[in-house]
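Chains as they are written, first to last, in this note's numbering: chain A, 1 to 217; chain B, 218 to 1055.
Put into structure tokens, the structure is as follows:
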């Protein structure tokens, strides 16, 4: 898979011919320096961006043979996200933020399931609080609950601990690995935190848009 | 996990939940308020107009007293009633004219109606025999020797049932009081008290004389086909000075007066629609900006483009329904206020409100909402999903002008629809669009100029200016929106006050306050002596001959040759012609030459320049008049300028001596009578009962009262515009709220004090307000001028003090409101801002 962007006159290649396969239940860390192309790779794997060449298959489905809405449906049904900047909707309470993907999927018991997931991340007493009333760690826990609530087979996380102190970050990571173990969710993390990368079953290194190493433990 | 899409019901339910959440977050409140104000203003006026319109239709036969009336200024030929009777229609007749009623040494100008048996053919006539007695339908005309009077005549002359009332050369017994009669809602301005008598008594009063203004009316009623045949016959048979009225065009004078009032009210409603449109546009823009992330996340969570569009459109439709219904409720309540304020002016009984205005209000609300909200919503579904990772990926291009084209078109359509008259609608649109364009252009220019000048200014001004420059597009939108809002306020307050003042000032203070009409030639000497004997300088009496214009330059003419209403009316009616008694010109001659000795007895005329222009005659043309059955052809040798506002007797057309004397004439004059001497007029009428004394002051006072009531009603409707203007202000502030909050947080972090932050913001608001205020004042003056000149036919002088006021008030007002609206920005702790911005 290759990704080029055009900056005025010159074409800048962000990803050079990257190819990889990830199995069910794996926990994969994508590591590299800033500007190495890891966020771009994550965006392409999730179908949030379109590659210049190549494609992505999820469960045998060619992502880029689908149209934009087809990819959205696929994400709705199989993919969860955790972002560095949480991306909670400020106008919604914690509970409503977690309910949103369930409601989009038309789940009948959205409220109960969302409340259940918030309880599992330890936020039972904060259901009706708004994001601005929560600490960074709490916001990220809401985001994790939102990601897992829809029962995804794949979880993408972009620097999930980047905005958190190390203790809080550790808490979030443990939570994610726990859920990965219990629900057999495939985990794909973008990080430059080597400790976090070490805890994953597989570590993929990127430098200047090229795959530099791919270690499994 | 299942891959099924949401069904329609599920989408609707989700949209409702999202709406409830957004509402709780306050995202939609401004939008909803703007809609309520717009719909409320449109429905208030629509309800009122609808009720008046339906009342005129349903009460048409009551107003008319028949199915059809032939009105004439001369007795009607016998073939009119004969044809009607041959067609199987019932007929009756009445003669109407003004006259002085006398009782116990006092006199009062009254509208007299002498009726024949059978009156009225349609509608209700009810009288009571005692002041507090029950009223009943008499089933006949007043008996000979008796009159029936209305409440006003009874009160103002202190009459009792059984009093003897003088009318012309006769005395009559007041036999009953009329409580309800056809033709009573004689107009928008219901001037005289009324009196009904039997037609057989008319000749003995001696009141019908040459020069009297008399209206002969033939009433016809019967089945529809026969009425239609008669209408066809009458339309062919009528001559000049005659017309046919039926229930389709009943009381055209009420209609035109009410239409004028409705036009004023409609104008105010339009202004509200325009302003509310600006507020909706700004609110929708902010909604788009604040929902970019939400939409990106929803797409990320698997919502398709069409689901996102459907969810948001559904939300807006629900807002439209809820806010529209609330606006209709507001309009329903407010129209009662309007009807109450205008009740004394309208003089018709209003039926209960109908449902059509609700539809009008809802349509207006939805057209405006979707016009402004749809383009941003459609753009919203194209938010790049990648925005969840890369925040800098901006909004899809929707802030450009093209996004507002639909909204502008929607508002333009609404304005034209609401104006119900192309000319008025286009003037208002032109003024608004011109101001909008001027505001935008001027803001751009000033920003450009200030960016070079501003570098040497102090920190606060420099920073404020930098803010304006940085948000160039935002600044232009704000100045334009505020400019439009203030333009409405200035138009409605300052310019309106000026329009009214100009009108009031055109009425001189010690101008003549009495007109004396109907003086017969043999009374001239006696009337003059009467004044001298009573110590009042006798006013000059002017002879007056009535003639109908038949031809210009030998070419026969009719009112249909003219497009202008005024010209048609002038040509349809009889002209008052006069002749000069000395060769001294009393009015400036603008073209040609004044009469001199050789003109005596020659068929030449001097014409007032305004009417010459209206009916299209010039120096050297000949005009042919029918005067009492004879033809008179004369040549125009001068055009004069006449100051009509002076309340002195003036004539459109005058001849030299020796031309008109052979025709039957009456004399008129005007005089200023001090209040202390007003009883003198009662003695005058006692002595000369055929004279008419018209109390100009009383009429003006009545007109003034009517005007005040109409103005009150317009002001009431203007409250909606003011509310909409305030919404625009807050919507404009809201659209930059997030940026301001972020800027303030950064400056706070860097050590700026609250005071510094406030000053920076104040500098920016003061600039915005001054720019918008100045431009709004100029725009309002221009619209006021055009309205006065083209629509209301009033004089209007543009005053620069309004412009200075606009600048100062705009600057101060926007600074105050802006600081109030951004107070929260300064109180929000920086970390909270950063946290919600990350």
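From the three backbone atoms N, C-alpha and C, an ideal C-beta is built for every residue, glycine too.
Only a predicted model underlies this, so the values are computations on that prediction, with no experimental measurement involved.
Query: Can you pull the chain A residues whose beta carbon is under 7 Å from the beta carbon of residue 511 of chain B, in chain order?; Result: 89
Query: Which same chain residues, not among the five before or five after residue 992 of chain B, have their C-beta less than 7 Å away from its C-beta?; Result: 652, 655, 656, 659, 700
Query: In chain order, which continuous runs of the alpha helix (DSSP H) of length 4 or greater are located wholly inside the region 180-213 of chain A?; Result: 194-198
Query: With three or more C-beta pairs closer than 8 Å as the rule, is the region 78-85 of chain A touching the region 152-166 of chain A?; Result: yes
Query: Quick one: grab the DSSP three-state call for residue 117 of chain A.; Result: helix
Query: Looking only at its chain, what residues have a beta carbon closer than 7 Å to the beta carbon of residue 61 of chain A, apart from the 5 residues adjacent to it on each side?; Result: 74
Query: Relative to the alpha-carbon of residue 948 of chain B, which residue among B:231, B:223, B:247, B:235 has its alpha-carbon at the smallest distance?; Result: B:247
Query: Hey, could you find the ends of the alpha helix (DSSP H) residue 144 of chain A is sitting in?; Result: 136-149
Query: Could you tell me which chain A residues have their CB closer than 7 Å to the CB of residue 516 of chain B, listed as they occur along the chain?; Result: 72
Query: What three-state label does DSSP hand residue 327 of chain B in the structure shown?; Result: strand
Query: Between which two residues does the alpha helix (DSSP H) carrying residue 97 of chain A extend?; Result: 94-104
Query: Could you tell me which whole alpha helix (DSSP H) segments of length 4 or greater appear in the region 253-339 of chain B?; Result: 277-281, 296-303
Query: Specify the secondary structure class of residue 933 of chain B as computed by DSSP and reduced to three states.; Result: helix
Query: Determine contact between the region 295-315 of chain B and the region 418-437 of chain B, defined as no fewer than three beta-carbon pairs at a distance below 8 Å.; Result: yes
Query: Output needed for residue 16 of chain A: all residues of its chain with C-beta closer than 7 Å, excluding positions within five of it in sequence on either side, in chain order.; Result: 2, 209, 210
Query: Which whole-angstrom value is the C-beta distance of residue 370 of chain B and residue 323 of chain B, which I expect to be below 8 Å?; Result: No, residue 370 of chain B and residue 323 of chain B are not in contact; Cβ-Cβ is about 11 Å, not under 8 Å.
Query: Going by the DSSP bridge assignment, what does residue 830 of chain B pair with across the sheet?; Result: Answer is none; residue 830 of chain B lacks a bridge partner.
Query: Counting contacts by CB-CB distance shorter than 8 Å, is residue 603 of chain B in contact with chain A?; Result: yes
Query: Counting only runs of 3+ residues fully inside the region 854-922 of chain B, write out the beta strand (DSSP E) ranges in chain order.; Result: 870-872, 883-888, 909-912
Query: Applying a beta-carbon distance threshold of less than 7 Å, which residues of chain A neighbour residue 521 of chain B?; Result: 69, 72, 73
Query: Are the CB atoms of residue 123 of chain A and residue 138 of chain A nearer to each other than 8 Å?; Result: yes
Query: Output, in chain order, the set of chain A residues within a Cβ distance shorter than 7 Å of residue 244 of chain B.; Result: 91
Query: Is it the case that the Cβ atoms of residue 941 of chain B and residue 251 of chain B are separated by a distance below 8 Å?; Result: yes
Query: Just grab the DSSP bridge partners of residue 808 of chain B for me.; Result: B:856
Query: Can you confirm whether residue 227 of chain B, when its beta carbon is compared against all beta carbons of chain A, has any partner nearer than 8 Å?; Result: yes
Query: Is residue 1013 of chain B helix, strand or coil when you go by DSSP?; Result: coil
Query: Let me know if residue 529 of chain B comes out buried or exposed under the rule of 16 or more other beta-carbons within 10 Å of its beta-carbon.; Result: buried
Query: Classify residue 1039 of chain B: buried if its beta carbon has 16 or more other beta carbons within 10 angstroms, exposed otherwise.; Result: buried
Query: Run down chain B in chain order and give the residues with a C-beta less than 7 Å from the C-beta of residue 104 of chain A.; Result: 515, 518, 519, 520
Query: Between residue 101 of chain A and chain B, is the shortest Cβ-Cβ distance under 8 Å, so that the two count as touching?; Result: yes
Query: Quick check: the region 522-539 of chain B against the region 908-916 of chain B, are there 3 or more CB pairs under 8 Å?; Result: no
Query: Would you identify the three-state DSSP class for residue 61 of chain A, choosing helix, strand or coil?; Result: strand
Query: Restricting to Cα atoms, I'd like to know which of A:100, A:93, A:160 is closest to residue 85 of chain A.; Result: A:160
Query: Applying the 10 Å Cβ sphere with the 16-neighbour rule, what's the burial state of residue 796 of chain B?; Result: buried
Query: Would you mind giving the Cβ-Cβ distance between residue 996 of chain B and residue 650 of chain B, rounded to the nearest angstrom? I have them listed as a contact below 8 Å.; Result: Incorrect: roughly 10 Å between the Cβ atoms, too far for contact.
Query: With 8 Å as the C-beta to C-beta threshold (strictly closer), list the residues of the region 992-1008 of chain B near chain A in chain order.; Result: none
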